[in-house]
Amino acid sequence: MKLRRVLTLAIILLLGLASSALGKDGERLTHDGLQDLLAQAKGNIVVVNYWASWCGPCLTEMPMLKAMRAAYPSHELTLFGVSFDYDSKAHDRARERLSLTFPSYLAQEDLMHTLGITSVPRTDFYDSRRRLVRSHEGLISPAEFRTVIAEITSGEQ
């Protein structure tokens, strides 16, 4: 019974964190919401993958991103996706089909323009102080992913 209460409280807290990162309509990630997500990962390296369910290369790199999520401790690396899908159901179906092991948020329509993103996939790497260290456009290889993380880690020591 005590475990059930703890789990219920944990779920409520997680939902509260996720909802604070959503737009005012409660459905789409805004620029401010993105900044909130980065702030919540304080002390961690943060990797943000911009993608869409209609993007073949985006879907191709998802298994690699899942593997990278599993390879690094969650207290050191935060990874989440931001989808530019217009259709929330397409996003949800893709998340389910891909069995994503990290959160993915639907972007508000103007977020792509606000961030200056011209194509997907794109992967942004932030250091533990929330400074953008590198943006990678196109498919990213596991080796390059690891190299960027190692560069960030070595620069912070």
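Read in order, the letters of the sequence shown are residues -23 to -1, 1 to 134 in mature numbering (1 follows the signal peptide of the UniProt record, and there is no 0). Ideal Cβ positions, reconstructed from N, Cα and C, are used throughout, including at glycine.
Kindly identify the DSSP beta-bridge partner or partners of residue i.
i, result
"H8", "DSSP, once it has assigned bridges, lists no residue as partnering H8."
"F102", "V24, R111"
"Y82", "V59"
"L54", "I22"
Comparing C-alpha positions only, which one of the options sits nearest to residue i?
i, options, result
"L56", "D13, L88, Y63, D101", "D101"
"C35", "A127, T130, V125, I117", "I117"
"R111", "A71, V25, H68", "V25"
"M39", "R99, L109, R106", "R99"
"Y103", "S51, H52, E73, V125", "V125"
"H113", "R46, E121, Q85", "E121"
"L88", "Y63, E133, S131", "Y63"
"G58", "D69, P80, P119", "P80"
"M41", "P119, R123, A127", "P119"
Just checking my contact of residue i with residue j at CB under 8 Å: how many whole Å lie between their CB atoms?
i, j, result
"L83", "R5", "5 Å"
"A16", "R107", "7 Å"
What does a CB cutoff of less than 7 Å around residue i pick up in its chain, not counting 5 residues either side in sequence?
i, result
"A(-3)", "Residue placement at A(-3) is poorly supported in this model, since its pLDDT is 47, which falls under 50; the coordinates are not used for a value here."
"V97", "Y27, W28, A29, C32, C35, F61"
"A18", "T55"
"Q85", "G(-1), R5, L6, T7"
"I94", "Y27"
For residue i, which residues of its own chain have a beta-carbon under 6 Å away from its beta-carbon, when the five flanking residues on both sides are left out?
i, result
"K43", "T78"
"R129", "The question names Arg, but residue 129 is Ile in the sequence shown. The answer, listed in chain order, is I22, D104, V110."
"G132", "none"
Spatial neighbours of residue i within its chain, please: CB distance less than 8 Å, with the 5 preceding and 5 following residues excluded, ordered by chain position.
i, result
"T37", "L116"
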